[in-house]
Amino acid sequence: MAEYATAQKSVLKLKGVGAVSAGKKKKKKDKESKHRLEQVVTNQDDEDVKTKKAYVDKRTPAQMAFDKMQEKRQMERILNKASKTHKHRVEASPDFNRHLDTLTEHYDIPKVSWTK
52 MAEYATAQKS
62 VLKLKGVGAV
72 SAGKKKKKKD
82 KESKHRLEQV
92 VTNQDDEDVK
102 TKKAYVDKRT
112 PAQMAFDKMQ
122 EKRQMERILN
132 KASKTHKHRV
142 EASPDFNRHL
152 DTLTEHYDIP
162 KVSWTK
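The numbering of the sequence shown is the numbering used here, which starts it at 52 and goes up by one.
This is the structure we're talking about:
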């Protein structure tokens, strides 16, 4: 019992509970700082509008055509995938089996038993 003689025997004190932490209060922000923040935000918005108007597309016509075709192909892929459900792709479609046939043997299920 001598080991416990030096232990403190007081109540556990938690932050935010009890009369001890009731004395803390939040600081109030003054109106001037809010007004300054509003002015800064409006100034930034005005600058953003000015910079947006000054944007010039520096791509070549070939680059623009390439990007346009990329978007078109991507939309076709999305529509193609959205046309079939997962169940339809797996069960009814021979595409799934054809895809599995093209995979290497690395993806095959390994043999479990060594004796057979």
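For each residue, glycine too, the CB sits at the ideal point set by N, CA and C.
Note that the structure is predicted; figures quoted are calculated from it, not measured.
Ala-56 - DSSP class collapsed to helix/strand/coil: In the structure shown, the three-state DSSP call for Ala-56 is helix.
Reduced DSSP secondary structure (H/G/I, E/B, other) of Leu-63: Leu-63 falls in the coil class under three-state DSSP.
Close Cβ partners of Val-71 (< 7 Å) along its chain, the five nearest in sequence each way excluded: Because the pLDDT of Val-71 is 48, which lies under 50, any placement of that residue in the model is unreliable, and the question is left without a value.
Limits of the alpha helix (DSSP H) - the one that Val-107 falls within: Counting along the chain, Val-107 falls outside any alpha helix (DSSP H), and DSSP gives it neither H nor E.
Start-end ranges of the beta strand (DSSP E) lying completely within the segment 140-167, minimum 3 residues: DSSP runs (the beta strand (DSSP E)) wholly in the segment 140-167: none.
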